[in-house]
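So in UniProt numbering, spot 303 of the sequence shown is number 303, and the numbers just go up one at a time. The beta carbon of each residue, even a glycine, is placed where N, CA and C say it ideally should be. Worksheet: one structure, shown below.
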Amino acid sequence: MLNPKALTALNEIIRRGSLRRAARHLNLDPSAVSRQIKQLEEEVGVALCERSETGMRATEAGLLLLDHFHRQQAAEAAALSQLSALQGLRSGEVRIAVGEGFIADLISLPLQSFMARHPGIEVVVRMAGVNEATELLRDFEVDIALLYAPPVDPILCCHVETCQPLDLIVPPSHPLLEIGKPLTLAQVADYPLALIDECTGMRQMVNQAAQQERVALRAQLRTNSVSVLKNFVRSGIGVTFMPELSVVEELKRGDICLLPMQHPALAATRAQICTRSGREMTVAVEACLAHLQKGLRFFTADAPRLLSAFH
Numbered sequence: 001m002l003n004p005k006a007l008t009a010l011n012e013i014i015r016r017g018s019l020r021r022a023a024r025h026l027n028l029d030p031s032a033v034s035r036q037i038k039q040l041e042e043e044v045g046v047a048l049c050e051r052s053e054t055g056m057r058a059t060e061a062g063l064l065l066l067d068h069f070h071r072q073q074a075a076e077a078a079a080l081s082q083l084s085a086l087q088g089l090r091s092g093e094v095r096i097a098v099g100e101g102f103i104a105d106l107i108s109l110p111l112q113s114f115m116a117r118h119p120g121i122e123v124v125v126r127m128a129g130v131n132e133a134t135e136l137l138r139d140f141e142v143d144i145a146l147l148y149a150p151p152v153d154p155i156l157c158c159h160v161e162t163c164q165p166l167d168l169i170v171p172p173s174h175p176l177l178e179i180g181k182p183l184t185l186a187q188v189a190d191y192p193l194a195l196i197d198e199c200t201g202m203r204q205m206v207n208q209a210a211q212q213e214r215v216a217l218r219a220q221l222r223t224n225s226v227s228v229l230k231n232f233v234r235s236g237i238g239v240t241f242m243p244e245l246s247v248v249e250e251l252k253r254g255d256i257c258l259l260p261m262q263h264p265a266l267a268a269t270r271a272q273i274c275t276r277s278g279r280e281m282t283v284a285v286e287a288c289l290a291h292l293q294k295g296l297r298f299f300t301a302d303a304p305r306l307l308s309a310f311h
């Protein structure tokens with residue numbers, strides 16, 4: 001049986017990029033950590049980590065062992081949670097990665113009602129764009145990820161998917177409101193534009209559509225904040241792209257208006273709730289996942305304007 005302490009040391013070295021930082025975190029002498037890794041490498045007969053320009057990284061064999069280590073930890077946590085559940089769902093932890101566009105939907109009621117129903121369960125929410133959220137799932141750093149325009153990746157296990165088009169939001173009385181049909185990116189490019197950062201699903205979909213339509217979009221404002229994008233439009237400065245449910249309250253108040261886009265990729269953008277493929281879930285995670293599937297507007301149905309088109 002592989003030494004669990006050595007596997008823990010290997011995980012910390014790769015996670016922190018340095019043997020010394022790993023030793024400090026583990027409260028051990030660096031020489032003791034080095035010996036653990038050396039003994040583990042002798043046991044398996046292959047190098048498990050190596051130096052790189054950015055610090056220590058896992059070799060291919062190291063990645064295999066780390067994947068085994070994380071799966072083993074997840075299976076143990078799942079078993080312990082099932083034993084705990086025999087006495088009622090009184091404790092546990094759920095870690096969720098979420099893009100800012102989902103936050104209002106998550107915090108408004110679903111998370112509040114889940115925590116009220118299960119006061120013993122700790123919930124950790126991490127803000128992350130689609131790229132980072134996918135990596136957090138891959139590295140076992142979170143249990144659940146709410147993803148907008150997720151990549152095709154075998155690591156992602158999708159539990160629910162809805163269609164949430166990436167629309168254009170504009171100030172009231174904007175000239176584009178007079179066109180009366182789905183817009184092309186060329187039409188949008190004539191107006192002051194704000195774009196969110198490249199790490200998000202929203203921006204990646206816009207980039208994909210712009211490349212396919214051969215349109216050069218110049219952002220007058222770039223930001224990593226959905227709130228900044230909303231204020232940019234609300235103040236009348238310009239336009240940006242956003243799914244309807246991220247701005248549903250602003251739409252109700254008449255602060256902004258929404259226009260659909262013609263490009264098929266933007267019109268068919270998906271939202272997903274995902275976990276890591278092959279990972280055993282704890283009872284707390286399963287309960288939270290089921291609760292979010294039923295309570296989040298983003299995942300109970302497609303975008304409101306799509307539903308209204310059928311009525």
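Own chain partners of residue i with C-beta closer than 8 Å, once the 5 adjacent residues on each side are dropped
i       : result
Phe-310 : Its pLDDT being 49, under 50, Phe-310 is placed unreliably in this model, and the coordinates cannot settle the point.
Leu-176 : Leu-168, Val-170, Leu-183, Gln-187, Val-188, Tyr-191, Val-239 and Leu-259
Leu-217 : Leu-185, Val-188, Ala-189, Leu-193, Leu-195, Val-206 and Ala-210
Phe-140 : His-70, Gln-73, Ala-74, Arg-276 and Arg-279
Val-247 : Ile-169, Lys-230, Ile-256 and Leu-258
Gln-212 : His-263 and Ala-265
Ile-155 : Thr-134, Leu-137, Arg-138, Arg-276 and Ser-277
Rounded straight-line distance, which links the Cα of residue j to that of residue i
i           : j       : result
Ala-97      : Glu-53  : 29 Å
Leu-258     : Asn-3   : 57 Å
Ile-144     : Val-94  : 8 Å
Ala-104     : Pro-192 : 26 Å
residue 319 : Ser-108 : This structure leaves residue 319 out entirely; the chain is present only between 1 and 311.
Leu-292     : Leu-111 : 8 Å
Lys-5       : Arg-203 : 42 Å
Ala-209     : Ser-34  : 49 Å
Arg-21      : Glu-43  : 24 Å
Val-123     : Arg-15  : 22 Å
Arg-71      : Ala-116 : 30 Å
Glu-198     : Glu-132 : 11 Å
Arg-214     : Ala-23  : 51 Å
Arg-138     : Glu-249 : 34 Å
Met-1       : Cys-49  : 20 Å
Thr-275     : Cys-158 : 7 Å
Ala-267     : Glu-41  : 51 Å
Ala-74      : Arg-279 : 7 Å
Leu-221     : Glu-178 : 25 Å
Lys-38      : Val-46  : 10 Å
Met-242     : Arg-51  : 42 Å
Arg-136     : Ile-273 : At residue 136 the sequence reads Leu, which differs from the Arg that was named. So the alpha carbons of these two residues sit roughly 14 Å apart.
Ala-32      : Glu-60  : 24 Å
Val-125     : Leu-146 : 11 Å
Phe-102     : Phe-299 : 10 Å
Glu-286     : Gly-180 : 45 Å
residue 327 : Gly-254 : No answer is possible for residue 327: it lies beyond the span of the chain, which begins at 1 and ends at 311.
Among the options, the one whose alpha carbon lies nearest that of residue i
i       : options                               : result
Ser-235 : Ala-47, Ile-256 and Asp-167           : Ile-256
Ala-128 : Glu-100, Ser-277, Ala-47 and Glu-280  : Glu-100
Leu-63  : Leu-10, Ile-273 and Phe-114           : Leu-10
Ser-173 : Gln-262, Phe-299 and Val-233          : Val-233
Val-206 : Val-247, Pro-264, Ile-237 and Cys-157 : Pro-264
Ala-252 : Cys-163, Pro-304 and Arg-270          : Looking at the sequence provided, one finds Lys at residue 252 rather than Ala. With distances taken between Cα atoms, Lys-252 lies closest to Pro-304.
Beta-carbon proximity list for residue i, same chain, < 6 Å, skipping 5 on both sides
i       : result
His-25  : Glu-12
Leu-7   : Phe-69
Gly-55  : Gly-17 and Ser-18
Leu-86  : Only weak support is given to the placement of Leu-86: the predicted model assigns it a pLDDT of 47, under 50, and the question is left unresolved by the model.
Val-160 : Ile-273, Gln-293 and Phe-299
Close beta carbons around residue i, own chain, < 7 Å, minus the five adjacent residues each side
i       : result
Ala-77  : Thr-282
Arg-297 : Asp-105 and Leu-245
Thr-200 : Gly-99, Gly-129 and Val-130
Gln-262 : Pro-182, Leu-183 and Thr-184
Cys-163 : Ala-268, Arg-270, Asp-302, Ala-303 and Leu-306
Ile-237 : Pro-192
Leu-66  : Leu-10, Asn-11, Ile-14 and Ala-58
Asp-29  : Ala-23
Phe-114 : Cys-288 and His-291
Ala-219 : Leu-193, Ala-194 and Leu-195
Item to check | Unbroken stretches of the alpha helix (DSSP H), 4 residues or longer, contained in the segment 191-223 | outcome: 201-213
Checklist entry - Given 8 Å as the limit, is there contact between the segment 149-164 and the segment 221-230, that is, 3 or more CB pairs closer than that? => result no
Checklist entry - Hey, which unbroken runs of the beta strand (DSSP E) at 3 residues or more fall wholly within the segment 119-187? => result 121-127, 144-148, 156-163 and 166-170
Checklist entry - Enumerated in chain order, which unbroken segments of the alpha helix (DSSP H) with a length of 4 residues or greater are wholly contained in the segment 20-74? => result 30-44
Checklist entry - Curious, which full-length alpha helix (DSSP H) runs of at least 4 residues does the segment 233-295 contain? => result 248-253, 264-267 and 283-295
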